[in-house]
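All remarks here apply to the structure that follows.
Residue numbers (our numbering): 14 to 968.
Following this line, the structure appears as structure tokens:
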């Protein structure tokens with residue numbers, strides 16, 4: 014009998030055994046600054062050799078996916094923005110909800126995949142002993158802790174990964190201190206908020222040996238001894254890669270505010286904002302014999318010395334090798350006799366600084382110390398500075414408003430007490446460290462310095478070890494034209510200067526420029542001859558490349574007419590009040606192409622016009638002034654015989670943004686659309702300010718948005734043919750200073766002062782954790798736009814219409830939306846109509862399809878229906894006072910009224926996103942505090958999880 018039982022059991026066991034083979038895994042590695050999320054979709058194909066009965070099991074609300082899947086093993090494929098290494102040993106997977114359970118699996122000696130769920134309080138040191146991958150579930154975070162404790166370290170040569178983890182409101186000695194030899198430790202898409210580390214040389218993350226990659230992470234409001242991140246080897250060597258990260262409002266008790274590098278460091282596509290150090294380097298410090306490479310990154314409002322003490326390098330400081338490529342520095346600050354509002358370096362302890370800056374932009378960086386140096390970049394004594402192909406705008410210091418390469422034998426004060434900072438060499442109450450002596454070696458080539466109008470030189474160079482070539486100084490003070498024999502003060506007057514060097518990915522313009530004449534500067538100061546003045550502007554516009562920029566110095570440009578040029582270009586005045594385009598002998602100037610039906614865009618910025626203007630083709634005016642002028646738009650096309658206009662498919666566009674019109678009227682002809690946005694109109698007496706000539710066709714329209722009218726005496730703001738359709742052909746919305754009446758008809762004219770206001774709409778686009786595109790459309794009050802239509806386009810393809818539900822929501826799987834994989838740029842739009850203004854939204858992601866083939870001799874499929882419960886977010890509109898903090902209260906409940914605790918709610922306002930977590934009452938609180946009065950639209954999103962559906966709310 015026993016043999017029969019055993020035989021039956023063996024037969025049953027064989028029937029349920031499956032031979033599994035992984036056929037192929039298809040994935041994509043994508044690293045891009047515009048990607049918000051990575052979505053991985055598993056597509057499983059099964060080779061079935063037999064059929065079996067299908068059973069359906071329905072889960073209750075309390076049943077979890079983990080419960081249903083207990084005992085089932087799956088392959089998990091992850092995607093990162095850095096190289097992914099395969100593990101030699103398959104990891105076990107577990108979910109933990111407490112610090113002790115996290116410690117239990119971290120100290121195991123076999124690889125572990127650990128999912129962190131809920132809120133966990135840190136209590137003691139965890140010493141990781143395996144190649145662990147620790148992943149945060151939505152809404153989870155680690156908090157708590159106490160001073161003096163290092164909460165994560167490790168043993169041995171490991172590769173440890175932290176992914177999607179949040180650490181917030183924590184105290185520690187050091188939060189992470191990790192080492193490796195041949196492996197790589199990784200932090201991917203992690204968030205560090207309000208972390209205080211207490212020991213002297215402390216950081217949130219310390220790479221103590223080997224290689225570390227930090228990708229897609231945020232460091233916010235952290236206070237540390239030596240930077241939020243440290244790359245320093247107690248023994249051995251360190252390499253660190255920081256990619257797509259943000260460092261915001263971090264403070265160092267010593268230095269720096271962001272990253273402390275004592276090895277090899279690469280920083281790409283990262284942002285540093287409002288970081289402060291009590292000593293050197295508001296953002297990144299490169300120590301002795303170390304190397305830092307920074308590319309495609311932004312540094313704004315960083316401070317060395319916390320704005321009061323005297324230290325160098327508002328953003329960056331270096332004793333070693335520093336390379337900065339294609340990056341932006343705005344409003345960084347220092348207060349010291351030597352300087353470096355953005356970057357500074359000197360040699361120390363046998364380490365020679367070697368700083369290279371190429372294709373970067375520096376704007377409004379400051380050293381405000383009296384008689385201080387180097388508003389943007391400074392170096393001191395022996396070492397190497399190379400600055401190429403960069404643009405400097407309105408930086409300030411008494412000496413070297415933009416760049417100062419100085420020789421100054423001056424020690425720096427340490428542990429300063431009872432003395433006058435900065436640089437107190439005669440102080441007897443504190444210690445000093447001495448910098449090297451000698452002159453710097455400097456190359457400053459192919460740079461542009463704009464609007465450095467202080468009395469000091471824009472660039473100063475000490476010694477004779479330099480190369481100074483092809484630099485231009487529009488509206489900037491520069492009396493010394495450096496040569497290898499010294500200074501020269503008799504530089505000839507030049508009316509047209511070309512920049513011969515290619516500028517790749519120029520941050521000042523919107524295009525990627527190439528070849529010579531990408532930027533041309535016209536300086537007519539001191540030139541009296543009419544022909545030279547006229548030719549300089551005209552020839553500049555002729556010579557500038559497609560997509561290039563022409564800069565105009567202050568002066569009067571008479572009869573200047575860049576007309577008939579079939580290319581796109583921009584003209585920028587360097588001083589709006591003093592760059593004047595005027596007429597000679599009463600002749601009107603002509604702007605645009607004219608005589609052809611192609612579309613080219615000419616853009617004019619920061620210029621004053623005082624003359625009649627004939628405009629043709631597509632024109633954009635930003636921050637311009639029109640005085641005592643008449644403007645005729647589209648006259649060339651309108652004058653053509655009708656049979657010659659058959660090939661015109663789109664109206665020509667004339668757009669004015671933030672412009673002032675003083676005693677000026679406008680006429681727009683057929684085949685033209687004209688738009689005025691936030692413009693002012695003053696001292697105008699006429700029948701109308703804007704008149705249509707010839708009627709409307711194609712996309713023709715006259716639109717005025719948020720404009721102001723002062724001392725205007727007219728029959729109507731606009732004059733259109735009688736019976737023209739409002740909204741479709743003309744709009745006057747959000748304007749002030751006009752009488753509130755509709756069309757007044759006189760003969761074949763309608764004079765109009767205002768049109769019916771339309772409601773604002775709010776369009777929110779997001780992607781949930783299951784790879785679904787979520788779209789939510791409401792009016793400005795948060796009311797759902799039920800069953801309206803939106804257009805969705807993927808990667809620039811033709812838009813497809815989709816209808817929203819009765820709740821104004823749309824959820825569609827990415828795999829159903831497009832056949833494309835890899836990087837997806839998704840654009841969603843709601844088109845305006847008679848009642849509502851249009852709105853747009855977009856999101857980027859990476860869609861990865863993982864194809865896994867499983868061969869199963871006997872299949873018993875179980876179909877599991879997961880009943881996700883609907884949710885709702887409630888929050889009321891809030892009225893607050895500028896500069897006074899208030900709290901927006903957000904509540905998350907399910908459809909049954911049950912409050913949902915420990916759920917992440919995404920908060921989006923003005924394009925910026927943060928996350929709050931609901932408490933035990935389902936309530937999350939958002940701090941509201943603005944310096945400026947206005948209306949701010951908040952979008953609150955719960956992206957859903959295994960048990961609950963997504964929901965959104967706009968307030």
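Glycine included, every Cβ here is placed at the ideal spot set by N, Cα and C.
Item: Other residues of its chain near residue 298: CB distance less than 6 Å, five sequence neighbours each side excluded; Value: 268, 269, 273, 330
Item: Residue 941 vs residue 929 beta-carbon contact at 7 Å; Value: no
Item: Beta-bridge pairing of residue 744 - partner residues as DSSP gives them; Value: 716
Item: Backbone CA spacing between residue 591 and residue 570 [nearest angstrom]; Value: 10 Å
Item: Of the residues 358, 184, 234, 185, the one placed nearest residue 204, counting alpha carbons only; Value: 234
Item: Three-way DSSP call (helix, strand, coil) for residue 684 in this model; Value: coil
Item: Coil, strand or helix - residue 759 by DSSP; Value: strand
Item: Stretch-stretch touch, CB-based, cutoff 8 Å, three pairs: the region 211-231 with the region 944-964; Value: no
Item: Boundaries (first-last residue) of the beta strand (DSSP E) holding residue 704; Value: 701-706
Item: Cβ separation of residue 687 and residue 646, assumed to be a contact under 8 Å, to the nearest whole Å; Value: 6 Å
Item: Identified DSSP bridge partners for residue 109; Value: 129
Item: Option nearest residue 720 by Cα separation, candidates 398, 671, 677; Value: 671
Item: Sub-7 Å separation of residue 271 and residue 288 beta-carbons; Value: yes
Item: Given 8 Å, three or more beta-carbon pairs between the region 452-466 and the region 405-422; Value: yes
Item: Classification of residue 224 by the beta-carbon crowding that lies within 10 angstroms, buried from 16 upward; Value: buried
Item: contact_flag[the region 107-114, the region 126-134] where n(CB pairs < 8 Å) is 3 or more; Value: yes
Item: Span of the alpha helix (DSSP H), counted from its first residue to its last, around residue 828; Value: 827-830
Item: Straight-line gap, residue 770 to residue 846 (C-alpha atoms, nearest Å); Value: 11 Å
Item: Residue range of the unbroken beta strand (DSSP E) whose run includes residue 362; Value: That residue, residue 362, is in no beta strand (DSSP E); it is neither H nor E in DSSP.
Item: Cβ shell of residue 140 (< 7 Å), same chain only, five flanking positions each side left out; Value: 120, 166, 167, 168
Item: Cβ-based burial, residue 700 [other Cβ within 10 Å; buried from 16]; Value: exposed
Item: CA-to-CA distance, residue 830 to residue 954, given in whole angstroms; Value: 21 Å
Item: Beta strand (DSSP E) runs wholly inside the region 754-816, at least 3 long, in chain order; Value: 757-759, 762-765, 774-780, 785-792, 802-807, 813-816
Item: Of the residues 148, 245, 207, the one placed nearest residue 158, counting alpha carbons only; Value: 207
Item: Local conformation of residue 268 per DSSP, three classes; Value: coil
Item: Cut-off 6 Å between Cβ atoms - residues of its own chain near residue 184, not counting five sequence neighbours on either side; Value: 158, 159, 160, 209
Item: C-alpha gap between residue 663 and residue 275, whole angstroms; Value: 59 Å
Item: Straight-line Cα distance separating residue 415 from residue 482; Value: 16 Å
Item: Burial state of residue 480, where buried means 16 or more other Cβ atoms lie within 10 Å; Value: exposed
Item: Straight-line Cα distance separating residue 667 from residue 722; Value: 20 Å
Item: Alpha carbon of residue 960 to alpha carbon of residue 313, nearest angstrom; Value: 42 Å
Item: Cβ contact (3+ pairs, closer than 8 Å) linking the region 349-367 and the region 301-317; Value: yes
Item: Beta-carbon separation (whole angstroms), residue 123 vs residue 105, contact threshold 8 Å; Value: 7 Å
Item: For residue 951, the first and last residue of its enclosing beta strand (DSSP E); Value: 951-955
Item: For residue 146, the nearest candidate out of 162, 155, 175 (CA to CA); Value: 175
Item: Per DSSP, the bridge partner or partners of residue 369; Value: 336, 399
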